[in-house]
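A.B. asks:
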Amino acid sequence: MSAEPLLEVSDLSVRFDTDEGPLQAVDRVSFTLAPREVLGIVGESGCGKSVTCMSLVRLLPETAAVSGSAVFDGVDLLALGPRRLRRVRGREISYIFQEPMTSLNPVFTVGDQIGEVVRRHLGLSRRAARQRAVELLQLVRIPAPERRVDEYPHQLSGGMRQRVMIAMALACDPKVLIADEPTTALDVTIQAGILDLMREIRERLGTAIVLVTHNLGVVADIADRVIVMYAGRKVEEAPAEELFAAPQHPYTVGLLGAIPRPGERQERLEEIPGRVPAAAAPLEHCVFADRCRYADETTRTQVPALRAVRRDHLVACFHPEADRAA
Amino acid sequence: MSIVVQEIEAPRVAGRRRLRLLTKRFLRRPMAVGGLLVALAFVIVAIFAPLLAPYSPGHTDFDAVLAHSSSKHLLGTDDLGRDVLSRLIWGTRASMQVGVFATLLAMVVAVPIGMIAGYYRGWVDQVIARLTDVLLAFPFLILAVGLAAILGPSLLNATLALGIGSIPGFIRIARGETLALREEDYVPAAVLNGANDATIIFRHILPNMTNTLIVQATLTIPGAILGEAILSFLGVGVQPPTSSWGTMLQEAEPYLTQAQRLSVYPGVAIILAVLAFNVFGDGLRDVLDPRTTR
Amino acid sequence: MNDAAPALEVESLVKHFTSGRRIGAGGGTVHAVDDVSFSLRQGEMLGLVGESGSGKTTLANCVVRLHEPTSGSIRLHGRDITHLSRRDLRPLRRDLHMVFQDPYSSLNPRMTAGEIVGEPLRLHRLAGRKVRTGRVAEIFERVGLGPEHRFRYPHELSGGQRQRVGLARSLILNPSVLVADEPVSALDVSVQASILNLLRDLQRDMGFSCLFITHDLATVEFLCDRIAVMYLGKLVEVASRDEIFRDPEHPYTQALLSAALVPDPAEQRQRRRVVLEGDPPSPLDPPSGCRFRTRCPLHDLSAPDSDEIEPPLREVSPDHLVACHLSAPGSKTPRIADPPVTTPVTG
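Protein chains in written order, with numbering that gives the first Met the number 0: chain A, 0 to 325; chain B, 0 to 293; chain C, 0 to 346.
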């Protein structure tokens, strides 16, 4: 991607102040998002992927201390005042959540909720807003949109509600759509439809998408580039095909080995021994060290820097797979 | 296709950790701490009344009637020359007794009823729920006053009346909790283990509602304290010469213009006690709710 | 698998719930399970696959008699347990247990892991305290938990550990049938792998028959010998694992397979796929005839039969049952999608 990046995140760190002491949720994560790109952020629960994205739109609670920068269209999102932030949220950068059930207000019709977004940001009249809502429902392929626009969330199925959320997110034609586990709560056959829709959105509207998920299959289906996160750090980054063809970080290898692969006979799934560490402060060593079979003195005492071990393929590891492939 | 559970390193210390955590959270709420301390103070005064009160509650001193504060009588005397401070202290005992025991009575009777309604549902639930609704339609005090009038005035009867008046509220809470808890997977798991209904209700459901019950109790006690004051003031509760905050108010009423202080002292006691329990109960509810972040 | 009598036989099982609300047609009856018949063979791992609304969880609850079926029969080792009273069921509870999906909700937060796992022994009065402790320690080790975990409360355990406790509890009495209702769906990917491996090992060692319920086809492919697919309360296809993946007949099975994502971008993006249109119908008002017809990509071919007549579940090839008008012995349904196939990971 030679174009100017839409979003440039540098050294983003988030620390929570919890009952049990501080918790470093995200540790110096940097990445860029190019226009029209689908960036997949993948990792298991607790890796910090959702927190990273929520910090970009400043959705984190008071107890979170955020540092670093996230430059979007020339401005640092993390330094914006509340008024300017409101203009960006929903209009330039949209966010959709995992649970469509709780993200939609049950006492307002679908049309009202979509309409609220366009009226606030684009100043449209009620009538124009309703028209736009119908258009958007059509865009997200909801059948009979003129009827659906007056329905309440409980009258729609889970998949439909997620489409409504997507419609709301696209209402003002944002440059970036952040989708946080958009299909996790949906049935598999419905998920297929949503992923198709997201692909279509990227093609037709040119929206860049940041897709957060724990499902490597989703990433394989739709992502251009993938970032793998573990314990708050970015441990690997590569174009999707490259990542799956030649995973470098032992965690990525382990993760790929852990999923049962359809169409293949397997004796055992690969297990990653141990558990994710919950750090109070940034660890001064490789975060994966206590679970890695290649751990040694170096990994237990130093933090591996991100470096390119193959073309367009970054990994933060002292002993990536490339060392063993030779 | 649901929320994924965090796979974070499990902490090493056992159950006591939770208590420490809760204490920390509690200590962050100065109002709640204050409430607890004041409430405890009242409880202690109630228990140690005989040791703390300088005089017995019936001790009269006809030389010093309606006297102001003095070294002999720190808060003065009432119309019969009785030491106000002592009566206040003994009154704490009566009022606390009614407050706490009425609540306990309500809990002991209401919780099993509520659990049965919530667990078995069907017609049992319908009957209990509707009866409870009928009782809840009466304002608490009207109910209590009515019951006290029927039973006759005494400390015991006041306790009974207020206890019975508090039953519907507890039934509703217990029923609601039971309805929610029986949907947890460990209930069918217990059925599969071969547990009978009694085991499930008492070993699986009841222990998980204690938090809610404790909070409800701390919020019911002040209602009962206030109720006693009102009952006694109206003459259908504790009877003179027994000293309770309510009877003190009743006896002070004719002297409102001459000696307002005789009304103020018990009034302040009531306010403080009710406030203390309420504030403590509120804070406790916040602390125990897993959804509050601090 | 052998020719011994099946561990579990379900015949024409029906479970309807009356919904309190009155909504349009259907008069408020939820047709959760409608006329389902299958058998769980001795020592087999049978996968039951379906999405939300398929009735798979209701079926599981009926099989372990948490619910009483509306009609039909369930036989455990030949014994009819369909309408047994609670008291008569009690001794059978030793032989039949379940693992639940939600690691938070399946364990009583007020009991320690050791107490939870020991409860079956205690309730059936099978062992005094000392022996109980021994058995608990033994099963803990079997499920990969350390002795110190016995004294921990559920909130002090991770999701994977909690599921291990759930497994230990259900297996401590050595049941012959275990129903696993989405036991790994709420866990992280790497943790799922260890629990799935564990389940497979336990089944091999202990020899129980298992009904494994899930929405994830990749998991059943790894774990199960035979697979049954459910849609809106009915079984639509039952076959061996290899058959289902190699030769899926029913259009819904094909759609499910099509929707199963392959972790290989090159492969995944060039697969021929089918995406089902429309909303899944409500179990309150299932479509007449073939319940899948409202979303079936092959509806044009099967109409008008599929609009009025329910397709029976019948054997179209050895040990391969399908409920579809377009499928018959000797005649296959058209293939509407490419089944998932992965090329091995290099590097």
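Virtual Cβ for every residue (Gly too), placed ideally from N, Cα, C.
Quick check: the Cα distance between Val126 (chain B) and Ile170 (chain B), rounded to an integer number of angstroms?
C.D. replies: Cα-Cα distance, rounded: 12 Å.
A.B. asks: Quick one, which of A:Val133, A:Phe287, A:Ala315 and A:Ala279 has its alpha-carbon nearest Ala24 (chain A)'s?
C.D. replies: That would be A:Ala279, whose Cα lies nearest to the Cα of Ala24 (chain A).
A.B. asks: Would Thr203 (chain B) count as contacting chain C if we go by Cβ distances under 8 Å?
C.D. replies: Residue identity check: residue 203 (chain B) is His in the sequence provided, not Thr. Interface residue, yes.
A.B. asks: Rounded to a whole number of angstroms, what is the C-alpha to C-alpha distance between Gln301 (chain A) and Phe317 (chain A)?
C.D. replies: Near 9 Å, if we compare the C-alpha coordinates of Phe317 (chain A) and Gln301 (chain A).
A.B. asks: Determine, using beta carbons only, whether Leu195 (chain C) comes closer than 8 Å to chain A.
C.D. replies: Leu195 (chain C) counts as touching chain A.
A.B. asks: What separation, rounded to the nearest whole angstrom, lies between the Cα atoms of Ser262 (chain B) and Gly175 (chain B)?
C.D. replies: When rounded, the distance between both Cα atoms is 41 Å.
A.B. asks: For Ser12 (chain A), which of helix, strand or coil comes out of DSSP?
C.D. replies: It is a strand residue.
A.B. asks: What does Asp184 (chain B) reach in chain C if we use C-beta pairs closer than 7 Å?
C.D. replies: Those are Phe99, Asp101, Ser104 and Ser105, listed as they occur along chain C.
A.B. asks: Would Asn214 (chain A) be called buried (16 or more neighbouring beta carbons within 10 Å of its own) or exposed?
C.D. replies: Per the 10 Å Cβ criterion, buried.
A.B. asks: Hey, Ala33 (chain A) and Leu55 (chain A) are a contact pair by Cβ (cut 8 Å); roughly how many whole angstroms apart?
C.D. replies: So it is not a contact: roughly 16 Å between Cβ atoms.
A.B. asks: Whose C-alpha, out of A:Gln161, A:Pro21, A:Arg90 and A:Val70, is nearest the C-alpha of Arg118 (chain A)?
C.D. replies: Closest option to Arg118 (chain A), Cα to Cα, is A:Arg90.
A.B. asks: According to DSSP, what are the bridge partners of Val92 (chain A)?
C.D. replies: Just to set this straight, residue 92 (chain A) is Ile in the shown sequence, not Val. DSSP lists A:Arg88 and A:Val175 as partners of Ile92 (chain A).
A.B. asks: Counting only runs of 3+ residues fully inside the segment 202–278 of chain C, write out the beta strand (DSSP E) ranges in chain order.
C.D. replies: Taking only runs of at least 3 residues, the beta strand (DSSP E) segments lying wholly in the segment 202–278 of chain C are 208–213, 225–230 and 233–239.
A.B. asks: Determine the DSSP secondary structure at Lys48 (chain A), reduced to helix, strand or coil.
C.D. replies: Correct three-state label for Lys48 (chain A): helix.
A.B. asks: So, is Met205 (chain C) buried or exposed, given that buried needs 16 or more other C-beta atoms within 10 angstroms?
C.D. replies: Per the 10 Å Cβ criterion, exposed.
A.B. asks: Between Gln265 (chain A) and chain C, is any beta-carbon pair separated by less than 8 Å?
C.D. replies: By this cut-off, Gln265 (chain A) is an interface position.
A.B. asks: So, do the segment 235–245 of chain A and the segment 308–317 of chain A have three or more beta carbon pairs nearer to each other than 8 Å?
C.D. replies: Touching, yes.
A.B. asks: Determine the chain C residues that contact Val190 (chain B) at a beta-carbon separation under 7 Å, and present them in chain order.
C.D. replies: Residues of chain C passing the Cβ test: Leu65.
A.B. asks: How should Ala324 (chain A) be labelled, buried or exposed, when 16 other C-beta atoms within 10 angstroms of its C-beta is the threshold for buried?
C.D. replies: With fewer than 16 Cβ atoms within 10 Å of its Cβ, Ala324 (chain A) is classed as exposed.
A.B. asks: Is there at least one Cβ from chain C nearer than 8 Å to Ile40 (chain A)'s Cβ?
C.D. replies: Cβ-Cβ to chain C under 8 Å: no for Ile40 (chain A).
A.B. asks: Applying the criterion that 16 or more other CB atoms from any shown protein chain within 10 Å of the CB defines a buried residue, is Asp75 (chain A) buried or exposed?
C.D. replies: Exposed, by the Cβ-count rule.
A.B. asks: Looking at the strands, I want to know which residues DSSP matches up with Arg232 (chain A).
C.D. replies: Partner(s): A:Tyr229.
A.B. asks: Kindly indicate the opening and closing residues of the alpha helix (DSSP H) around Gln249 (chain B).
C.D. replies: Per DSSP, Gln249 (chain B) belongs to the alpha helix (DSSP H) from Trp244 to Ala251.
A.B. asks: What did DSSP end up calling Arg306 (chain A) once you bin it into helix, strand or coil?
C.D. replies: Strand at Arg306 (chain A).
A.B. asks: From the beta carbon of Pro262 (chain C), is the nearest beta carbon of chain B less than 8 Å away?
C.D. replies: Closer than 8 Å: no.
A.B. asks: Span of the alpha helix (DSSP H) holding Pro111 (chain B)?
C.D. replies: Pro111 (chain B) -> alpha helix (DSSP H) spans Val83 to Tyr119.
A.B. asks: Which residues of chain C have a Cβ atom closer than 9 Å to the Cβ of Asp322 (chain A), listed in chain order?
C.D. replies: By Cβ distance, chain C contributes nothing, its closest Cβ being about 12 Å from Asp322 (chain A), past 9 Å.
A.B. asks: Step through the CB atoms of chain B and report whether any lies within less than 8 Å of the CB of Pro339 (chain C).
C.D. replies: Cβ-Cβ to chain B under 8 Å: no for Pro339 (chain C).
A.B. asks: Taking DSSP as the reference, what is the three-state secondary structure of Val56 (chain A)?
C.D. replies: Note: Val56 (chain A) maps to coil in three-state DSSP.
A.B. asks: From Glu134 (chain A) to Leu169 (chain A), what does the alpha carbon distance come to, in whole angstroms?
C.D. replies: Their backbone Cα atoms lie some 11 Å apart in a straight line.
A.B. asks: Interface residues of chain B around Leu122 (chain C) at Cβ under 9 Å?
C.D. replies: Neighbours of Leu122 (chain C) on chain B, chain order: Ala189, Asn192, Gly193, Ala194, Asn195 and Thr198.
A.B. asks: Listed in chain order, which residues of the segment 207–218 of chain A have Cβ atoms closer than 9 Å to some Cβ of chain C?
C.D. replies: Those would be His213, Asn214, Leu215, Gly216, Val217 and Val218, in chain order.
A.B. asks: Note down, in chain order, every chain A residue with its Cβ under 8 Å from the Cβ of Leu216 (chain C).
C.D. replies: Per Cβ cutoff of 8 Å: Val187 and Pro261.
A.B. asks: So, at 7 Å on beta carbons, what are the nonlocal neighbours of Tyr230 (chain C) in its own chain, with the 5 sequence-adjacent residues on each side left out?
C.D. replies: Gly49, Ser53, Tyr251, Arg290 and Phe291, listed in sequence order.
A.B. asks: Could you name the residues of chain B that Pro108 (chain C) contacts, counting a contact when the two beta carbons are closer than 8 Å?
C.D. replies: Within chain B, the residues near Pro108 (chain C) are Asn207.
A.B. asks: Taking three-plus beta-carbon pairs below 8 Å as touching, is the segment 87–106 of chain B in contact with the segment 223–238 of chain B?
C.D. replies: Yes: at least three Cβ pairs fall under 8 Å.
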